[in-house]
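Student: Numbering of the sequence shown is given in the working numbering, commencing with residue 8 and proceeding in unit increments. All residues carry an ideal CB built from backbone N, CA and C; glycine is no exception. Below is one structure. I have some questions about it.
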Amino acid sequence: MAHDAIEDPILLTDATRNVSVKEWKISSEEAGIAPDGAKWSVSKRVLAGGRQEGVEIIDVDNGVMKFTVAPTRGFQVWKANVGDLRLGWDSPVTEIVHPQFVNLAERGGLGWLNGFGEWVSRCGLESIGPPCQDGNRTHTLHGRINYLPASYVEVRIELAPVPRIVLRGVVDESLMFGPQLRLTTEISTEIGKPALSFDDTVTNLSDAPQEMESLYHANFGPPLLGPGAQFIAPVKKVAPRDSRAAEGQMKAWNLYTGPHPPGYTEEVYLMELHADDAGMTDALLKSADGTKGALVSFNIRELPFMTLWKNEATAKSGYVTGLEPATSFPLPKPVERDAGRVPKLNGGESYSSKVKFSALISGAEVENAIASIGRLQRTAPKVEISPVL
């Protein structure tokens, strides 16, 4: 490939033109470009067998971080790792389940869990909370976007201003007499850096106002999660979702002590965070020994609410925690609407949000992140004891 053509978009999928490239690869060796000696590659393939039959994935190796994106599953990131640091968890669901095998209405609206095993997924776009009745509509768990395939996929290898690998996708959540929302996403990573970013835009394709909600469900298990691990963020206020989360009087809501024996029930904490003058903030999951961490960075003007999900169950039952920045809390949509937390888009209007996920692979990096968060903590957190629901 000629060096002057590498930044041209490489089309992999376009439903409007009936285009779908099943297998494809590009690498630093093929392109003859390796910034600072970093060897990188991007490849596309199709999975076979079981419930993953037909799932299209894109594997990215930026020279330091490796991750897998599943366009068939709402352009989610299935897994990632930086060296021996895994970003992800051990789900009972081991395959990237094709949407054709998932009925979202199953088990009282909990069908979303039939394919839940990814590192980062999106919830939305019509709703992000639990199954609920909303007037004449029935919302299923976490919405539909995570089980809708991308209708457009392209790859770019950018050389300036910094060398980046960019995956761009379009996913439509549209139906007759229902939402007409489009997710246009770019998942990008700087070559040779242990981080990736989501740059998302949700557009109202109709000519009438529509509500939307969006949540990034980032899930972590060992080695980051374990007894003594800690969630650290510049918390402005925090409250337990329900009586279960309030059981400990909020004394250790951000600490991890599991895995726990069978019978454990999940805990959920709802919060708002402090930010800098530009609205930027960070949330950190720190390993027990303080040598590794995962940093989630976002803007509270775009994603004003943060949820911490703790599921410290047995290892085989889904031992995992979720760091979840969002436009709303993952509560029943009528509750969020009544609280004024559901954005509404006029016809043709768009809503944009960005989230960056960084792997911290040394004690010094973790300490620097903690210090940065400390500088954002302008006042002591307001800790509510009473549950929201």
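(1) Can you tell me which of the three DSSP states His10 falls into?
(2) Let's see if you can read the secondary structure: which residues bound the beta strand (DSSP E) around Leu203?
(3) Could you give the C-beta distance for Tyr276 and Gln237, rounded to a whole number, given that I count them as a contact under 8 Å?
(4) Count the C-beta pairs between the segment 134-147 and the segment 163-176 that are closer than 8 Å, then say yes if the count reaches three, no if not.
(5) Cβ of Gly300 within 8 Å of Cβ of Leu231?
(6) Under three-state DSSP, which class holds Leu66?
(7) Among Thr145, Met72, Ile103, Gly297, whose alpha-carbon lies nearest the alpha-carbon of Gly199?
(8) Measure the Cβ-Cβ separation of Val362 and Phe312 and say whether it is below 8 Å.
(9) So, is Glu319 buried or exposed, given that buried needs 16 or more other C-beta atoms within 10 angstroms?
(10) Which whole-angstrom value is the C-beta distance of Ala290 and Ala322, which I expect to be below 8 Å?
(11) Can we say the segment 24-34 touches the segment 47-63, given the rule of at least three CB pairs closer than 8 Å?
(12) Can you list, in chain order, the residues of its chain whose CB lies under 7 Å from that of Gly115, leaving out five sequence neighbours each side?
(13) Which word fits Ser360, buried or exposed, when buried means at least 16 other C-beta atoms lie within 10 angstroms of its C-beta?
(14) Under a Cβ-count criterion, where at least 16 other Cβ atoms within 10 Å of its own Cβ denotes burial, should Asn6 be classed as buried or exposed?
(15) Going by DSSP in three states, Pro78 sits in which element: helix, strand or coil?
(16) Evaluate the contact criterion for the segment 188-206 versus the segment 340-351: three or more CB pairs, one atom per stretch, below 8 Å.
(17) So for Asn353, helix, strand or coil by DSSP?
Tutor: Judging by the given coordinates:
(1) On the sequence shown, residue 10 is found 3 positions in, with the first residue counted as 1. Confidence in His10 is poor, its pLDDT being 39 and thus under 50, which makes the residue's placement too unreliable to answer from.
(2) For the purposes of this step, residue 203 is identified with residue 196 of the sequence shown, where counting begins at 1. Residues 202-211.
(3) Against the sequence shown, residue 276 aligns to sequence position 269. Against the sequence shown, residue 237 aligns to sequence position 230. Rounded, the Cβ-Cβ distance is 13 Å, inconsistent with contact.
(4) no
(5) Against the sequence shown, residue 300 aligns to sequence position 293. Against the sequence shown, residue 231 aligns to sequence position 224. Yes.
(6) Here residue 66 is taken as the residue at index 59 of the sequence shown, counted from 1. First, the residue type needs correcting, since residue 66 is Asp and not Leu in the sequence shown. Residue state, collapsed to three classes: strand.
(7) Position 192 of the sequence shown holds residue 199. It is Met72.
(8) For the purposes of this step, residue 362 is identified with residue 355 of the sequence shown, where counting begins at 1. For the purposes of this step, residue 312 is identified with residue 305 of the sequence shown, where counting begins at 1. Cβ distance not < 8 Å, so Val362 and Phe312 don't count as in contact.
(9) Here residue 319 is taken as the residue at index 312 of the sequence shown, counted from 1. Its Cβ being crowded by 16 or more others within 10 Å, Glu319 is buried.
(10) By one-based count along the sequence shown, residue 290 stands at place 283. By one-based count along the sequence shown, residue 322 stands at place 315. Actually they do not touch by this definition, with Cβ atoms about 25 Å apart.
(11) yes
(12) Position 108 of the sequence shown, counted from the start, is the residue given in the question as residue 115. Only Pro138 meet the Cβ criterion.
(13) As a working mapping, residue 360 is identified with position 353 in the sequence shown. Buried.
(14) With the chain covering only 8 through 396, there is no way to say anything about residue 6.
(15) Within the sequence shown, the letter at position 71 stands for residue 78. Residue state, collapsed to three classes: helix.
(16) no
(17) The residue given as residue 353 occupies position 346 in the sequence shown. Of the three classes helix, strand and coil, the one that applies to Asn353 here is coil, per DSSP.
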